[in-house]
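Peer 1: The structure follows.
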Amino acid sequence: MNMKESLLPKFSVHRPVTVVMTLFAILVVGYIAYTQIETELFPKGFVPPYLGVWIPYREANPKEVEDQIARPSEEMLQTVSGVKHISSYSHSNGCWVWLEFSNDTDMDVAYMLVRERMDRLLATELPDDIEDVYIRKFRNDDDPIVWFGLTIPEEMDDPFFIVDYYVKRTLEQIDGVANVEMWGASEKIIQILVNQDKVKAHKINVYQLIQNLRRDNFSLSSGYVYDGNRKIYVRSDGKYRNIDDVRNIRIKGENLYLKDIAEIVYDEPRQRRWVQRIDGKKAISIGVFKESMANTVGLSNEILAKLDELSKHEKLKGMTFNVFFNQGGFISQSVDNLVNAGLWGGLFAFSILYFFLRRFKMAFIINLAIPLSLLMTVTVLYFMGWTMNMMTMMGLMLSVGLVVDNSIVIVENIYRLRNKGMSREESSVKGASEVSLAITMATLTTVVVFLPLILMNDDIGFAFYMLRIGLPVIVALIASLFVALVIIPLATTRLVSKKQTKRSGLIEWGTNAYDRILKWTLLHRLETTIIVLALMLSMQIPMSGVKQGDQGGGNINDVRLLLDMPEHYTMDDAKALVDTIEGYVNKMNAVYNVKTVNSRYSNNWGRVRVFLNPPKETQWWQVVWKNISNSIGLSNDSVMTRNEVLEDLKENVPKYPGVKIRTSWRDDSGGGSVSILLQGDDTQTLVELSEEVERRISRIPEIISVETDRDKGASEIQLFIKRDQAAKYGINPRVISGQISYALRGIELPEFQSTEREIDVRVQYAEEDMENFEQLKSMTFLTSSGQEIPLSSLVDFRIVKGMGEIHRRDGKTTLEINGFTTEDDIQMVHKKITKALASFEMPRGYTWSLGNRFMRMQETNSSQKFAVILAITFVFLLMGVLFESFILPLSVLISIPLSFFGAYWLLYITGTPFDLMAGIGLIILIGIVVNNAIVLIDMINRLRKDGLSRSEAIIEAGHHRFRPILMTAFTTIFGLIPMAVGNASLIGMPYAPLGRVMIGGLLSSTALTLVAVPLFYTFFDDLRNIWSKVQVLAFGRGKS
């Protein structure tokens, strides 16, 4: 640049006290921010805000639930402001309605609006026996911060009450705990189990009996009376005092009591149809949720301490506490990994700098950029209200190797001028000033690659990830620019002597070899161009060979078996199946390194979740050493990785006829499935269309099995009331449907008030009286004359295959077809499914679309392409400003495809899929790899202005820039090593693809930039000269 001295370096050298005080301020404020900044697992907004509305409805078929509950609820809730999508899931036991909101929605207001509308709907349209609806807010920070289980001794009488009273309530009293939820046990209730034979014998009208029972247990304000001057309120109390009061309710005549026709028991509900176990023992699991402002790490530690205290409680004797997930511990480990990665990155950077510079003080000065830049970044994040989470920490890890680049360039230039005889102060000011514009523009090129985020409308996709990872990188780079222009010039005047440094013989040899290669390149431009183009063409091999993945590890070290059982299975059959699977897992306990096994099952489904002990190797170097030791035979580690456990279970778990067993490590069971969605108005039409879709995709070799929502359903008996027959006998159709409902699913009566708590009361037929179809048909109804009429005389029966679940999305009934696959290349599966369904014609009003997994991948790929194009465009515009040329920036942009060459080849060689994280790495790479080319071309232009010819300037600039280019490249590459060799169990998110993309890109870009950028600079310079001559000939003036 033309100006002799820039403002900041001059200020740095001439105001040392001010600079030192600024440095201390950075250290103090940075330390405070680091200790005070909130830590969490994922950033807010990682999952869009949801409201879930649960409307319980016992033992109905899903179609009935859809018509009577789902559709009215959707119509009522679609007017709530901020709603993006409404989905409903109608089951046999109720309906979930999910409302997805925009990230900027005030969820407290949304909750009140939903509650108001559902209360109105409950009072007007929903079935009478629905007593309440339940609404819950969901965000990513609504997951439990501690999730644990307790095994229950067989002899324990009332486990729900004991755990609720001694564990749940104790945890709820901890400051910062918002809620504690229990799963796996039910509170005891009073059950009135009507005996059908006794009802018939005594000719009891069951419908009328239950109506009377619903009215009997009451406490009612009856007004007031005056006793003299006193006003006395009157309350009529008809509530039951004890369970004997219930048994002795008179139901007919003088001597017939409720106990004569029904068994009254105090026990867990008999409708509970699933069992939870931990390591083969009956269990309860508990999730602890935090308040929004509570510190996750501190609260998790407090909860664990309380659990340790509770484990010794006398009332909990015989219970075993098993902690499945501790978010605070996971965050602490992640922060430790960040600190260790920073320390290793700093050590690598220092070692590389010392190797190149051979001066301890110079290497130390440059290394100051790492802690100072990171502290300033944490400070900015703290005052912005951001948190330390997995994404911001990833950005900080990325920054470790990047923040020294500017300092390297400045120190190298200061050192070059000092070797020419300049004084300390003059060389520091001038050396920093000469390259200040170049490093500023180089820093801005990394910053501008994140500008596409402003133009991308993406709440939780690619742009969301880019922003949360990219902002720490941007802040760190700007901070490193400040350090390089303000701290480094002062430090070089005070700490670095004028003594000539002895260069490494290897560096001297490398520099001389590069000089010869560069001279040969300039003399053989055509041959070099052919070689570069051949290398670029070879990139087609890895680009076509790298798999398009979308899977990342979860944050819990576990694998899951999802069991779908045949319709005829009983609870005993399901127990035998789960016992067999648990037995196989126990046999493989040592090889799998099992921590605990959590199982849940009913008669038609089951989930076996195997929690694995965390690996001993938590640091990147331990992972590397383990892999090396295993490969050369120094270690014979027989413990499987999570992937290997998953594959072994998939292949070797015992198989049962009719039982579908799927493996997964995701809560949504998406780990091995892809889906197609059919949408339309009529459920039956969707079922018929699904058969053709199922037939087509089952032919795809990669699809190993196909399942639809219809497959999950059970056979159902549909009853059609014969209205003429009902009228003939004087039986109201409402009585028929009501009595059937009471018999099969029962009905809640007013609560019973004990001395300790309120107890639910439920009446229904005894389970043994409603076990089969024949018993249902033999149910009788009393006419007004006392005649008994069997149900078979009043209704027609039809047995059909029912839907296990009816899903509606945005007002359209949706049927999901899942194809299960072991193929990792989801992009290839996507293409084959699309081809298979291309010729499938749908009726008018019906559509098919790819499921969420495919849609997310398509959206991510589209966003990545858009971001790449915009990033390259912004870099080009910035280069135009720097070089004041339309043509020369193209010689810088050539380094971008050269980086893609190495990125794809390294993914290909290591077998790493190209996923969202790899895409983010590619975008960031665009802003980084041009930096060396910028500084190189800037120096070439300065030397040409000083009078050197083009070839002389290129060779001279290459000679002087060779060492700093290698230094900046290798400090960044080695800073990324902890990320690139990590795995999901090491750092919780799939960082490795991002690190490998950047390392591969930096390696190829560094090697090829040193040759290709000078080469293409000459081509574009020739083009500029030709253009200038054309302008002179055409218009009589020139333009550079």
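Note that the working numbering has the sequence shown beginning at 236, numbered continuously upward. For every residue, glycine included, the Cβ atom is placed at its ideal position computed from N, Cα and C. Here the structure is a predicted model, which is why all the values come from computation and not from measurement.
What is the rounded straight-line gap between the Cα of A809 and the Cα of M347?
Peer 2: Approximately 42 angstroms between the Cα atoms of the pair.
Peer 1: Please report the straight-line C-alpha distance between T614 and G265, rounded to a whole angstrom.
Peer 2: Looking at the two C-alpha atoms, the distance is approximately 5 angstroms.
Peer 1: Given that a residue counts as buried once 16 or more other Cβ atoms are within 10 Å of its Cβ, and exposed if not, what is I1222?
Peer 2: Any reading at I1222 must be qualified, since the residue scores a pLDDT of 46, below 50, and its modelled position is unreliable; the value itself is stated next. I1222 is buried by the Cβ-count criterion.
Peer 1: Using a Cβ distance threshold of 8 angstroms, determine whether the segment 567-576 contacts the segment 667-683, with at least three qualifying pairs required.
Peer 2: Too few Cβ pairs lie closer than 8 angstroms, so no.
Peer 1: Starting from E1040, follow the beta strand (DSSP E) in both directions and report where the run begins and ends.
Peer 2: Here E1040 belongs to no beta strand (DSSP E), and DSSP marks it neither H nor E.
Peer 1: Just verifying my parser: in three-state terms, what is the DSSP assignment at R352?
Peer 2: Helix at R352.
Peer 1: Between the alpha carbons of L633 and V639, how many angstroms are there, rounded?
Peer 2: About 12 angstroms.
Peer 1: Should G1182 be labelled buried (16 or more other beta-carbon atoms within 10 Å of its own) or exposed?
Peer 2: Exposed, because fewer than 16 other Cβ atoms sit within 10 Å of the Cβ of G1182.
Peer 1: Note the first and the last residue of the continuous beta strand (DSSP E) segment covering N833.
Peer 2: Per DSSP, N833 belongs to the beta strand (DSSP E) from V829 to Y836.
Peer 1: Compute the distance between the beta-carbons of I935 and K851, then report whether it is under 8 angstroms.
Peer 2: Their beta carbons are not under 8 angstroms apart, which means I935 does not touch K851 by this criterion.
Peer 1: With H, G and I counted as helix, E and B as strand and the rest as coil, what does DSSP make of D1004?
Peer 2: D1004: helix per DSSP, three-state reduction.
Peer 1: Output the distance between the C-alpha atoms of F524 and W860, rounded to the nearest integer angstrom.
Peer 2: Cα to Cα, F524 sits roughly 38 angstroms from W860.
Peer 1: Where are the alpha helix (DSSP H) runs, 4 residues long or more, that stay fully inside the segment 354-439, in chain order?
Peer 2: You should have 394-398, 404-407 and 431-437.
Peer 1: Do you know offhand how far F1111's Cα is from L1128's?
Peer 2: Between F1111 and L1128, the C-alpha separation is close to 7 angstroms.
Peer 1: How would you label H759, buried or exposed, when you count the other beta carbons within 10 angstroms and need 16 or more for buried?
Peer 2: It is exposed - the Cβ of H759 has fewer than 16 other Cβ atoms within 10 Å.
Peer 1: Would you mind reading off the limits of the alpha helix (DSSP H) that contains G500?
Peer 2: The question names Gly, but residue 500 is Val in the sequence shown. Premise fails: V500 lies in the beta strand (DSSP E), A497 to D502, not in any alpha helix (DSSP H).
Peer 1: Excluding the 5 residues preceding and the 5 following N1166 in the sequence, name in chain order all residues of the same chain whose CB lies nearer than 6 angstroms to its CB.
Peer 2: Closer than 6 angstroms at the Cβ level, and outside the excluded window around N1166, lie A677.
Peer 1: Kindly list the residues whose CB is nearer than 6 angstroms to the CB of S241, restricted to its own chain and excluding five residues on each side of it in sequence; keep chain order.
Peer 2: Excluding residues within five positions, the ones whose Cβ falls inside 6 angstroms are S668 and S671.
Peer 1: Who does G329 pair with in a DSSP beta bridge?
Peer 2: Bridge partners of G329: P291 and H326.
Peer 1: Please return the same chain residues whose Cβ sits closer than 7 angstroms to the Cβ of Y1226, not counting the five positions on each side in sequence.
Peer 2: M629, M1152, M1214 and G1217.
Peer 1: What number of angstroms, rounded off, separates the C-alpha of W331 from the C-alpha of Y836?
Peer 2: Taking the straight line joining both Cα atoms gives about 21 angstroms.
Peer 1: Any idea what DSSP makes of H1065, helix, strand or coil?
Peer 2: Of the three classes helix, strand and coil, the one that applies to H1065 here is helix, per DSSP.
Peer 1: Going along the chain, which residues of its own chain have a beta-carbon closer than 6 angstroms to the beta-carbon of G1154, five neighbours each way excluded?
Peer 2: Excluding residues within five positions, the ones whose Cβ falls inside 6 angstroms are Q1099.
Peer 1: Can you tell me the Cα-Cα spacing of D1004 and K438, whole angstroms?
Peer 2: Spanning the two alpha carbons is a distance of roughly 16 angstroms.
Peer 1: Per DSSP, what kind of secondary structure is D793 in: helix, strand or coil?
Peer 2: Residue state, collapsed to three classes: strand.
Peer 1: Is L1201 near S1084, with beta carbons less than 8 angstroms apart?
Peer 2: Contact: no.
Peer 1: To the nearest angstrom, how far is the alpha carbon of I1281 from that of A769?
Peer 2: In the structure displayed, the chain extends from 236 to 1275; residue 1281 sits before or after that span and is not available.
Peer 1: Excluding the 5 residues preceding and the 5 following D814 in the sequence, name in chain order all residues of the same chain whose CB lies nearer than 8 angstroms to its CB.
Peer 2: Counting only Cβ-Cβ distances below 8 angstroms, and skipping sequence neighbours, we find G515.
Peer 1: Based on DSSP bridge pairs, tell me the residues matched to D799.
Peer 2: Paired residues: W840 and K895.
Peer 1: To the nearest angstrom, how far is it from the Cα of E647 to the Cα of T270?
Peer 2: One C-alpha to the other measures close to 35 angstroms.
Peer 1: Please report the straight-line C-alpha distance between K372 and V664, rounded to a whole angstrom.
Peer 2: Looking at the two C-alpha atoms, the distance is approximately 58 angstroms.
Peer 1: My output table needs one value for T1015: the three-state DSSP class, helix, strand or coil.
Peer 2: If DSSP states are grouped into helix, strand and coil, T1015 belongs with the strands.
Peer 1: So for L243, helix, strand or coil by DSSP?
Peer 2: L243 falls in the helix class under three-state DSSP.
Peer 1: Looking only at C-alpha atoms, which of H803, R931 and D750 sits nearest to I1070?
Peer 2: Residue identity check: residue 1070 is Lys in the sequence provided, not Ile. Nearest of H803, R931 and D750 to K1070, Cα basis: R931.
Peer 1: Whose CA, out of N848, T1049 and I952, lies closest to the CA of I918?
Peer 2: At residue 918 the sequence reads Thr, which differs from the Ile that was named. For the residues N848, T1049 and I952, the minimum Cα distance to T918 belongs to T1049.
Peer 1: Give me the Cα-Cα distance between G915 and F1254, rounded to the nearest whole angstrom.
Peer 2: Cα-Cα distance, rounded: 60 angstroms.
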